[in-house]
Amino acid sequence: MQYAYSTRMSTLKPTAIRELMKYFIRTNCILFASGNPSAESFPLEDIRRISADILETQAKEVLQYGISEGYEPLRELLKNRMKEKYRCGTDADEIIITSGSQQVIDLTCRALLNEGDTIVCDNPSYVGALNTFRSYRANIVGVDMDPDGINTEKLEKTFRAEKNIKLLYLVPTFQNPTGISISAGKRKDVYMLCKKYGVIILEDNPYGDLRYRGEDILPIKSLDTDGIVVYCGSFSKILSAGIRVGYALAPRDLAQKIVIGKQVSDLHTNTFFQVLAERYMTLCDMDQHIKKICNLYRRKSSLMVSTMHRELTGCSFQEPEGGFFVWCTLPPEIPMAEYCSRAVKNGVAVVPGSAFTVHPQDPCNSFRLNYSTPTDEQIVKGVEILGKTLRSFQ
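So the numbering used here is basically just the index in the sequence shown, starting at one, shifted up by 157.
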């Protein structure tokens with residue numbers, strides 16, 4: 158049968174990274190292409206103990222439908238944590254529990270976007286967000302990045318030039334894919350520009366807790382006295398990616414629309430895992446756990462970067478201060494697509510930088526590496542293979 162797909166879906170393509178993973182997971186490739194947390198980071202014994210107790214004491218509750226806004230004790234814990242640790246949230250904000258922070262992106266777009274409206278983002282940007290924007294048939298405009306984040310002069314020019322701008326989407330801390338963080342001063346500049354031009358900021362912060370070098374920078378949401386920032390948070394990188402528990406901290410009126418959108422999407426987030434997250438926050442030392450996994454990723458990132466310095470002569474990259482990724486730019490004479498193709502044939506999978514550009518056809522001579530997932534041995538061997546691949550062009 159010939160299927161007549163909706164206009165929204167007919168032009169969408171699968172996410173490049175997930176398609177790559179389906180293939181490479183069946184091979185012996187060393188995977189620098191994923192964005193998964195390390196399995197070593199999961200607090201397995203705590204999860205086993207808490208899960209057993211939940212099923213013993215709250216089985217009827219966690220196996221039943223829940224409210225769309227989320228499990229109330231978890232919402233309260235998160236609201237307090239955001240205020241105390243990150244200075245985020247006012248009495249005019251609400252916490253909504255979602256099925257991962259990806260759902261916050263989708264539901265915010267559902268609440269605000271009409272077809273043809275404009276979304277501005279840094280370029281390159283998170284591919285999952287880009288595909289969400291495409292699914293709403295938005296006009297996506299990318300703004301170049303500086304070493305300390307989005308270029309604010311170009312951002313203001315974009316605000317002046319484009320029509321119907323509804324959202325500015327940013328991953329301001331340890332951005333996916335580049336690992337760049339927006340400086341504290343520039344965060345204030347971005348906020349003031351969005352206030353001036355009436356643009357809502359969608360602040361996606363899945364890596365914010367994973368700082369292992371440098372000084373902490375408060376989220377953009379901490380500046381929000383005007384109700385223009387929707388904050389996306391997640392347990393994926395600090396507890397478990399598979400539980401799919403995220404949250405939005407959003408102005409109350411907008412939060413209510415997000416809840417309505419959620420009701421036509423999945424009714425509510427998995428109750429068992431919401432209770433698990435709440436119990437973990439209550440019974441365990443989550444900040445000590447975060448410190449432990451930051452030590453893990455500090456070691457892994459240092460190992461990858463030191464090996465890259467030895468093997469990838471002529472490439473440019475920076476040692477990350479947190480997050481999961483290294484963004485590597487090849488010498489201009491080496492074609493990125495051909496390099497990535499040869500690397501795969503040699504047994505190492507990286508993600509071509511073009512997967513993250515607003516327009517995939519735009520020039521890009523960079524690729525993304527992940528150090529959180531592979532073992533130490535795979536990190537060393539994989540970067541050595543990337544070095545041999547680089548030298549094969551000489």
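The C-beta atom is built at its ideal place from N, Cα and C for all residues, glycine as well.
Per DSSP, the bridge partner or partners of residue i
i	result
N280	D301
L325	V277, I358
E251	A407
S307	Here residue 307 is Ile; the residue named in the question, Ser, does not match the sequence. Bridge partners of I307: M302.
A506	L188
N296	T275
R368	G479
S473	T486
Among the options, nearest to residue i - alpha-carbon criterion
i	options	result
N527	I252, V483, R294	V483
F481	N296, L359, Y283, L424	Y283
D279	D248, G273, S338, F189	S338
L424	D203, L327, A190, Y222	Y222
A398	D248, C497, Y364, I357	Y364
L350	E197, T470, I385, L375	I385
I417	A216, T330, F392, C266	C266
R205	R436, D519, C485	R436
P304	E478, Q551, N288	E478
M493	R548, K314, S292, C521	C521
D346	A318, D381, E319	D381
T486	Q413, G371, P334	P334
R525	F474, R499, E541	F474
M438	T214, R409, S195, P200	P200
R456	S393, V421, T532, V508	T532
F392	D250, S258, V219, A196	S258
Q551	P329, A286, E490, R344	E490
K320	R344, L270, L287	L270
Boundaries of the alpha helix (DSSP H) in which residue i is found, first to last residue
i	result
G390	From DSSP, G390 is part of no alpha helix (DSSP H) but of the beta strand (DSSP E) over 386 to 391.
T426	T426 -> no alpha helix (DSSP H), and no H or E assigned at all.
C451	443 to 468
V261	258 to 269
E535	The displayed chain sequence assigns Gln, not Glu, to residue 535. Where Q535 is concerned, the enclosing alpha helix (DSSP H) stretches over 533 to 548.
T382	First-last for T382: undefined, no H or E at that position.
D210	201 to 214
N237	229 to 243
Beta carbon of residue i nearer than 8 Å to that of residue j
i	j	result
C105	L367	Given a span of 158 to 551 for the chain in the structure shown, any question on residue 105 remains unanswerable.
G192	T426	no
L377	I395	Going by the sequence as given, residue 377 is Ile instead of Leu. Their beta carbons are not under 8 Å apart, which means I377 does not touch I395 by this criterion.
Y388	T255	no
E272	R294	yes
V356	I322	yes
I252	K538	no
D361	I276	no
G504	N185	yes
L547	L469	yes
A407	D250	yes
V540	M465	yes
A552	F189	This structure gives no information on residue 552, because the portion of the chain shown stretches from 158 to 551.
Segment limits, beta strand (DSSP E) that includes residue i
i	result
F524	523 to 527
T486	482 to 486
Neighbour flag for residue i against chain B, beta carbons, 8 Å
i	result
H425	The question asks about chain B, but that chain is absent: this structure has only one protein chain.
Validate contact between the segment 421 to 440 and the segment 220 to 237 using beta carbons, cut 8 Å, 3 pairs: yes
Count the CB pairs spanning the segment 507 to 517 and the segment 295 to 307 that are closer than 8 Å, and state whether there are at least three. yes
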